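Reminder that position 3 of the sequence shown reads as 214 in the working numbering, one-by-one numbering, no gaps. Okay, so here's the structure we're looking at.
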Amino acid sequence: MTVGVSHAVFHVIDLETRLPFHFGNVEVTEIPKLFLRLEVDVDGAQQIGIAMGGLIPGWF
212 MTVGVSHAVF HVIDLETRLP FHFGNVEVTE IPKLFLRLEV DVDGAQQIGI
262 AMGGLIPGWF
C-alpha cells in the first residue's frame, strides 16, 4: 500500500470551556483546538480525512 499526502490544512481556534477547570491554583477557561483536513492518495485513490483535537497543556 502506498500513501502520499497531497494537501493539508490546519486551523487553530481558541474555545472557551463550558465550566472553568481548576488544577491546583491554575484556572483554565479556554483551550486551543486544532482542526486538520488531509487529502491523501492511497494506492492511487484520493481520500479525505478530517480530525480535531484539543491542545491542552502538557501538565494535565
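Yeah, the Cβ is synthetic: ideal placement off N, Cα and C, and Gly gets one too. None of these values were measured; they are calculated from a predicted model.
### Other residues of its chain near M212: CB distance less than 7 Å, five sequence neighbours each side excluded
Result list for M212: V253 and D254, in chain order.
### Query
In terms of residues, what are the limits of the beta strand (DSSP E) holding L266?
Looking at the DSSP string, L266 is not in any beta strand (DSSP E), and its letter there is neither H nor E.
### Message
Given this structure, state the Cα-to-Cα distance separating G260 from V237, to the nearest angstrom.
### Response
Rounded to whole angstroms, G260 and V237 show a C-alpha spacing of 35 Å.
### Message
Check this for me: beta carbons of K244 and V223, under 8 Å apart or not?
### Response
Closer than 8 Å, so yes.
### Query
For R248, which of G265, P231, Q258 and L230 has the nearest alpha-carbon?
Selected option, being the one with the closest Cα: Q258.
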